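For reference, the structure discussed in these notes is given below.
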Amino acid sequence: SPATALFDKSCALYGLHHARGNIASSGTAVVVEGYTDCIMAHSKGCANVVATLGTSLTTGHARILRRYAKEVVLLFDSDAAGIEAANRALEVCLLQRIDIKLAQVPEGGDLPLREGCEDS
1 SPATALFDKS
11 CALYGLHHAR
21 GNIASSGTAV
31 VVEGYTDCIM
41 AHSKGCANVV
51 ATLGTSLTTG
61 HARILRRYAK
71 EVVLLFDSDA
81 AGIEAANRAL
91 EVCLLQRIDI
101 KLAQVPEGGD
111 LPLREGCEDS
């Protein structure tokens, strides 16, 4: 959807209003691709997860994350689109001087959150 004066998803992180305190206290933000992944993560106790609303991670997203997190963990799907998005996000975060880690969802699998999150 196109950016408007009221909403620009290139600068919006889904779930940030719930996650920012946990991101700030842990120093780590976990970024997933879609809002359903974010909702699932929060329902399993992973309180430092946000989503890019189906868009690539942008400079705007990175600037927001840098306010709260010392480290960003990208947890994107293992399909071709997810790998491409992770590569672009890696470049964006490095240009913004954000420490970044890549986590991988097993191909054909869902987020590895069945048991909850001990480290979030």
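For the sequence shown, the positions run 1 to 120 when full-length UniProt numbering is used.
Just so you know, even glycine gets a beta-carbon here, dropped at the ideal spot from N, CA and C.
Quantities reported herein were computed from a predicted structural model and do not represent experimental measurements.
For Val92, the secondary structure class from DSSP, reduced to helix, strand or coil, is helix.
The count of Cβ pairs closer than 8 Å, one atom from the stretch 32-49 and one from the stretch 59-66, stays below three, leaving the stretches out of contact. In chain order, Glu33 and Gly34 place their CB closer than 7 Å to the CB of Gly54, counting only its own chain and leaving out the 5 sequence neighbours on each side. Rounded to the nearest whole angstrom, the CA to CA distance from Asp79 to Val105 is 9 Å.
Cβ contact annotation for Tyr14 (same chain, cutoff 7 Å, sequence separation greater than five): Tyr35, Cys38, Val50, Ala51 and Leu53, in chain order. With contacts defined by Cβ atoms closer than 9 Å, Leu57 and Ala103 do not form a contacting pair. The beta carbons of Ile98 and Ala62 sit about 6 Å from each other, so the pair counts as a contact at 8 Å. Beta-bridge annotation (DSSP): Val49 is paired with Val30.
If you draw a straight line from the Cα of His17 to the Cα of Val72, it is about 17 Å long. In the three-state scheme derived from DSSP, where H, G and I count as helix and E and B as strand, Ile100 is classed as strand.
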